[in-house]
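Please read the structure below before turning to the comments.
Residue numbers (the working numbering): 76 to 325.
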């Protein structure tokens with residue numbers, strides 16, 4: 076029995092390593108951005124229950140088609156299959172009661188996979204090592220249950236790696252610290268949709284005036300409803316200073 080359990084664990088480790096290699100192969104470098112012609116750019120983030128890397132309790136995303144000025148929104152809370160640990164409760168403010176009547180991941184994840192087109196570029200903070208891997212670990216469990224073979228391996232741009240490349244002397248590369256270095260401050264608790272917005276704002280800050288920035292990259296704040304959407308969750312020191320100057324002039 077023990078040898079069978081050990082073999083199953085070894086098999087799971089091998090599958091995870093294979094997944095990690097497949098995901099990392101889809102990572103897009105700053106220099107490679109100009110060669111891409113995505114249909115849309117999707118910025119997304121996950122929140123986890125805490126006990127297992129595939130127990131997703133929230134998915135938040137925005138999708139910006141290249142050919143239009145739209146901003147498409149995806150926000151879903153998910154009933155966990157285990158429990159929400161104390162760290163996650165304190166960090167997100169989410170409780171078991173908040174998620175009790177929500178749909179399970181088996182229902183929500185296919186909706187998210189439909190939301191992201193295979194030709195999209197995906198953006199997020201540490202998504203290669205965390206979020207995309209978590210989705211694929213969940214898919215592995217669902218594939219075993221449903222006898223399917225679904226993977227989620229989009230082309231992606233990781234804002235952690237981009238920040239490490241462009242700001243090599245920094246000590247901290249967490250999302251909040253990086254945003255604050257550009258004058259942006261979060262208003263609410265650590266949640267998936269808020270972090271999806273923040274990750275894209277960070278991307279634009281990192282690439283501002285960079286010669287490698289492609290012309291097709293969407294400007295979130297300039298899109299219809301984009302500024303008001305961002306300002307629900309983030310404050311910008313520069314904009315606040317501008318408003319103060321206008322009031323004084325008035």
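For every residue, glycine included, the Cβ atom is placed at its ideal position computed from N, Cα and C. These figures come from a predicted structure and were not determined experimentally.
Beta-carbon to beta-carbon, residue 152 and residue 174 are separated by about 6 Å, close enough to satisfy the 8 Å threshold. In this structure, the CA atom of residue 146 is about 15 Å from the CA atom of residue 269.
With contacts defined by Cβ atoms closer than 8 Å, residue 199 and residue 234 form a contacting pair.
As computed with DSSP, residue 116 is found in a beta bridge with 139, 196. 114 is the residue among 164, 114, 154 whose C-alpha sits nearest the C-alpha of residue 144. Per DSSP, residue 305 is one residue of the alpha helix (DSSP H) stretching across 301-306. DSSP, read as helix, strand or coil, puts residue 258 in coil. One thing to note: residue 98 has its Cβ within 8 Å of the Cβ of residue 228. Taking 3 residues as the shortest admissible run, the region 156-217 contains the following complete beta strand (DSSP E) segments, listed from N- to C-terminal end: 196-199.
Residue pairing by DSSP places residue 148 opposite 137 in a beta bridge.
Distance from the CA atom of residue 161 to the CA atom of residue 132, rounded to whole angstroms, is 14 Å. Boundaries for residue 228: no alpha helix (DSSP H) harbours it, and the DSSP string shows neither H nor E there. In this structure, residue 177 sits away from residue 158, with a CB-CB distance that is not shorter than 8 Å. CA-to-CA, the gap between residue 112 and residue 192 works out to about 13 Å. Leaving aside the five residues that flank residue 105 on each side, the residues in its chain whose CB is nearer than 7 Å to its CB run, in chain order, 237, 240, 287. The beta carbons of residue 291 and residue 141 sit closer together than 8 Å. If you look at residue 130, you'll find it isn't in any beta strand (DSSP E); DSSP assigns it neither H nor E. Residues of the same chain with a CB within less than 7 Å of the CB of residue 167, apart from the 5 flanking positions on each side, are 122, 264, 265, 266 in chain order.
Residue pairing of residue 233 in beta bridges, as defined by DSSP: 199. With contacts defined as CB atoms closer than 8 Å, residue 295 and residue 301 qualify as a contacting pair. In the three-state reduction of the DSSP assignment, residue 154 falls in the strand class.
Residue 284 sits in coil when the DSSP states are folded into three classes, being neither helix nor strand.
The three-state secondary structure of residue 279, taken from DSSP, is helix.
Taking the Cα positions, residue 262 is about 14 Å away from residue 276.
Each of 197, 304, 80 was checked against the Cα of residue 103, and the nearest Cα belongs to 197.
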